[in-house]
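As you go down the protein sequences, you meet chains Y and F in turn.
This note's numbering puts the first residue of the first sequence at 239, with every later residue one more than the last.
This note's numbering puts the first residue of the second sequence at -6, with every later residue one more than the last.
The beta-carbon is built from N, C-alpha and C at its ideal position, and this holds for glycine as well.
Below is one structure, written out as structure tokens; the observations come after it.
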Amino acid sequence: MRRIFFGFVRKEFYHILRDRRTLAVLFGMPLIMMALFGFAIRNEIDDVPLLVVDASRDEATDGVVDRLRASGYFDVVEFGAGRRNVEAAFERGDALAALAFEPDFARRLRRGEAHVQVITDATNPNAASTVLAYTTAVLNDVQSEQALERGMIVAADGSDGTGRVVPSVRMRYNPDLESAYLFVPGLIAVILMLVCALMTSITITRERETGTMEVLLVSPLHPLQIIAGKVLPYLALSLVNVATILVLAVALFHVPVRGSLALLLAECLLFILCALSLGMLISARSRSMQTATMIALAGLLMPTVLLSGFIFPISSMPEALQLFSHLIPAKWFLIVVRGIMIRGIGLEVVWMETLVLVGMTAVFMTVAVRSFSIRLE
Amino acid sequence: MQTILVLLRKEFRQIFRNRAMLPIIFVMPIVQLLVLAFAATFEVKQTPVALVVEDLDPVGRELVRRMEASGYFSVRETTTSARKADEAMQSGRVDVIFHMPRGLADESTDHTLQIVVNAQDGATAGVVQAYLSRIVADFNEDRSAIRVQGLVSHGGDAAATPVGPGRIIVRPMHWYNPRLDYQTYMVPGILVILVTMIGTFLSAMNVVREKEIGTIEQLNVTPIRKGQLIAGKLFPFWIIALFELAFGLLVAWLVFRIPLEGSLALIFALAAIYLLAMLGLGLWISTVTETQQQAMFIAWFILVVCILMSGLFTPIESMPIWAQWLTELNPIAHFIKIMRRVLLKGAGIEAVAMQAAALGAFAVVSLTLAVKQYRKVSS
């Protein structure tokens, strides 16, 4: 019996290993995704193309423009006045912000106050507020320097030097604010979800569609063994993927594994099982391969990326959506993996999240096996 | 022409008779749009805070009140023990710890406010730090303003400004999206992704499915030409995807109040070209692969890379130069740019001409590849 089972597992391995294209994607994907996230995809905003509309052209505005250039945040382009010009630049994407000095800037500044208008292309709100913060910071610097020159001791934050609250911020766990700390756990979740849920959902429906399922069902193998045999190779492949990502993360991006490595791998294994049973559930429930893959792909991809906390923080979402995110296995997995890798915590802290994953796996698996055995009759 | 019409009728019937697929094609994208648009925000609200404090004087209370009033922070735990606060962060209950200094009311000296931020998410931690410094700077400014009240008139401007002459006053103006609303930015992009996924996956599975179940042979022995076959396969998905885009835009306009500044005709004309490119890509994948599994897997992989590099979640301008050049090869990046520029900024054809030309080139290349690759003889 055991020999038959291993024979079946070997057949499944052959299926996968002989399909060179799928295999290439399977092993190439973690590498490419790591490279993209590690080297290409960033959220920091610098070298902002900035238009300067200078109606005044005096020593004060020159000073400000020099400071803006020197700050490193901006690529300054001097520009003629006119709303239409700014509009055209924004529409073509040639500039993200524009700075307009009022006429007679230097004289007004000496008299009291001078005005600067900062116009941002706010289609991207994140970029707009960052650019505004940068500009304001540079202008504040210029202003306090001038005040100092004139012998007025005024600190940049507007206090007179006593009784101030001085914040001293410590960035714990990730002092350099490396984005790799965030995306590595997220990538593990997305890749495992894809490999496990998509591949298993396809492999079972495929046997059904090509008619070879009958052959399997009349074999002496128990339905559970058929499922186990289908799932085992993907389990092995997924573990290889996890190992690849972890090795790259530590070697290339210096992401720490502060907690127990054994616990981390065990949690990955649990998530793999969860995704595999979700894939089985999808395939057992859908009649054609097309339906199965569309559910697995179109239905799982975006929620796993968006609702798991991979890119966007869950705590900022509306209440209803936060409740909904509880249904996404990747969310729980991310909490666990980030905790173990970055904060170095143990099972005593993430036992609840682990239990949720165990529960989800149990439910998916039970329903999948049930639906599967019904088809036997 | 007649041949194509017959083929079209067959394809449409196949799609509409598959009851299981209809909700996936038509309902799921809209539901996802409605749900995901709320998820995609980089704003940081209600960050959970632990307060380490022995006794809170009125000045400290005022500072805490301001933190909470800003909406960015919410005090979840108050304790006298630094170790307890530490445990709260370790277990993930709070993301920020304030060590409130004693005797804040004492104005003869500065006070250091120790703040610990959980920086495992670097981007969020940066935003939190920016909020914090602004709140504290405002707090200091107002306190010193109270002290010198009557001596100098106080502007009360949001930007921190020293007291006295020589002030530079910044007047911010946010164009196109004055309330800095994240949905305005994300919804057009998410819609593009959803429409693209449905179209590309369906077309990628189409030919290879006929190959796998053997019905391709029946098509191969008909007088249908290769070009006609690809056209007949492509057209139904093209119509469906354009329809979905229209429906999605309607939802975006009704539910999310996305401004439709530019010309809708321009959007649909460019969408038509874009979809030709993406569906052509799908069909090409379908002709080079042997099994649906292969096709889906490769299509998924290409799409994920294209989506991540499209500027949807993270701005293209932030990428290094070589990666920015790579995005020129990404049709999704071009079309998201088009959608944002035309819909949100009201740009005309001259502002998106480069993108339109690139999409045209992609369409020609991918369709040619698909037709060339298709073989009427089975290997």
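Return yes when at least one heavy atom of the ligand GDP lies under 7 Å from the C-beta of residue i, else no.
i, result
"L296 of chain F", "As far as ligands go, the structure on display features none, and thus does not contain the ligand GDP."
Are residue i and residue j close, meaning C-beta to C-beta below 8 Å?
i, j, result
"A316 of chain F", "A278 of chain Y", "yes"
"V324 of chain Y", "I357 of chain Y", "yes"
"F230 of chain F", "S196 of chain F", "yes"
"N281 of chain Y", "A112 of chain F", "no"
"L305 of chain F", "G255 of chain F", "no"
"M14 of chain F", "I23 of chain F", "no"
"A435 of chain Y", "I161 of chain F", "no"
"A336 of chain Y", "L289 of chain Y", "yes"
"V244 of chain F", "L26 of chain F", "yes"
"I260 of chain F", "I186 of chain F", "no"
"G192 of chain F", "A234 of chain F", "yes"
"A288 of chain F", "P324 of chain F", "no"
"L462 of chain Y", "V607 of chain Y", "yes"
"P363 of chain Y", "Y65 of chain F", "no"
"F290 of chain F", "Q176 of chain F", "no"
"V68 of chain F", "V57 of chain F", "yes"
"G341 of chain F", "L0 of chain F", "no"
Please tell me whether residue i has its Cβ less than 8 Å away from any Cβ of chain Y.
i, result
"A153 of chain F", "With a pLDDT of only 42 at A153 of chain F, under the threshold of 50, the placement of this residue in the model should not be trusted, and no figure is reported."
"N323 of chain F", "no"
"F249 of chain F", "no"
"T(-4) of chain F", "no"
"Q142 of chain F", "At Q142 of chain F, the pLDDT of 49 sits below 50, so the modelled position is not reliable; the number obtained from the coordinates is stated separately. No, Q142 of chain F lies away from the interface with chain Y (no Cβ there is under 8 Å from its Cβ)."
"Y178 of chain F", "yes"
"F355 of chain F", "no"
"Q285 of chain F", "yes"
"L375 of chain F", "Chain F is shown from -6 up to 372; residue 375 of chain F falls before or after that span and cannot be answered."
Using the beta-carbon count (16 or more within 10 Å), is residue i buried or exposed?
i, result
"V404 of chain Y", "exposed"
"T189 of chain F", "buried"
"F509 of chain Y", "buried"
"D395 of chain Y", "In this prediction, D395 of chain Y scores a pLDDT of 46, lower than 50, which makes its location untrustworthy; no coordinate-derived value is stated."
"A351 of chain F", "buried"
"T450 of chain Y", "exposed"
"P181 of chain F", "buried"
"W318 of chain F", "exposed"
"T542 of chain Y", "buried"
"F548 of chain Y", "buried"
"F236 of chain F", "exposed"
"V478 of chain Y", "exposed"
Check for me: the alpha helix (DSSP H) holding residue i runs from which residue to which?
i, result
"Q221 of chain F", "219 to 248"
"D304 of chain Y", "297 to 309"
"E447 of chain Y", "437 to 448"
"V281 of chain F", "257 to 281"
"R523 of chain Y", "499 to 523"
"T189 of chain F", "175 to 206"
"V28 of chain F", "21 to 32"
"A78 of chain F", "75 to 83"
"G266 of chain Y", "258 to 273"
"L322 of chain F", "From DSSP, L322 of chain F is part of no alpha helix (DSSP H); its letter is neither H nor E."
"V57 of chain F", "51 to 62"
"A354 of chain F", "346 to 366"
Examine chain F for any beta-carbon lying closer than 8 Å to the beta-carbon of residue i, and answer yes or no.
i, result
"R576 of chain Y", "yes"
"L544 of chain Y", "yes"
"M431 of chain Y", "no"
"F550 of chain Y", "yes"
"T529 of chain Y", "yes"
"M555 of chain Y", "yes"
Starting from residue i, follow the beta strand (DSSP E) in both directions and report where the run begins and ends.
i, result
"A333 of chain Y", "First-last for A333 of chain Y: undefined, no H or E at that position."
"S406 of chain Y", "403 to 410"
"Q355 of chain Y", "351 to 359"
"H92 of chain F", "89 to 92"
Going by DSSP, what residues sit across from residue i in a beta bridge?
i, result
"M598 of chain Y", "M598 of chain Y is not bridged to any residue."
"F317 of chain Y", "Y:V291"
"F312 of chain Y", "Y:V286"
"E70 of chain F", "F:A43"
"H104 of chain F", "Y:V403"
"R564 of chain Y", "The question names Arg, yet the displayed sequence has His at residue 564 of chain Y. H564 of chain Y is not bridged to any residue."
"V495 of chain Y", "V495 of chain Y is not bridged to any residue."
"I161 of chain F", "Y:A352"
"H167 of chain F", "Y:T358"
"V214 of chain F", "None, per the DSSP bridge assignment."
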